[in-house]
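According to this note's numbering, the sequence shown holds residues 16 to 97 in order. By construction, the Cβ of each residue, glycine as well, lies at the ideal position given by its N, Cα and C atoms. All of these numbers come straight from a predicted model, not from anything done at the bench. Below you'll find the structure, written out as structure tokens, and then a few comments.
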Amino acid sequence: MIKTKEIWIAYLLWFFFGLCGVHKFYLNKTGMGILYLLTLGLFGIGWLVDLFTIPFQVNNYNRKVETFLLNRPGKRVEIHYF
């Protein structure tokens, strides 16, 4: 079962561990997470940009998960929002 992500959790991870890219790992963006880890949040600029773009990133992830689940033939769909 694949669960959707929450905006408030992404912001919490961004605030406390954003320079290390933990919020990117949470959103399954491993490459960006490693880049943030090595450059301290793209020298702080990427960390600041994420302040405004996290809701879009989370919604994009959730949309991809829902599309994936709905396009599987013969599978039961369970989407949890919590």
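Whole-number beta carbon distance between residue j and residue i, since they are thought to touch under 8 Å
i, j, result
"V80", "I17", "5 Å"
"I24", "Y41", "7 Å"
Cβ pair residue i, residue j closer than 8 Å
i, j, result
"G36", "M47", "yes"
Residue i, enclosing alpha helix (DSSP H) - first and last residue
i, result
"I17", "From DSSP, I17 is part of no alpha helix (DSSP H); its letter is neither H nor E."
"K39", "37 to 41"
Cα-Cα separation between residue i and residue j, rounded to whole angstroms
i, j, result
"P70", "I22", "6 Å"
"F83", "T19", "12 Å"
"L28", "L85", "29 Å"
"F30", "G56", "12 Å"
"K39", "T45", "7 Å"
"G33", "G89", "39 Å"
"F67", "N77", "18 Å"
The ligand NAD heavy atom lying under 7 Å from the CB of residue i
i, result
"L84", "Because no ligand of any kind appears in the structure shown, any question about the ligand NAD cannot be addressed here."
Runs of alpha helix (DSSP H) wholly within the segment 59 to 95 (minimum 4 residues, chain order)
60 to 85
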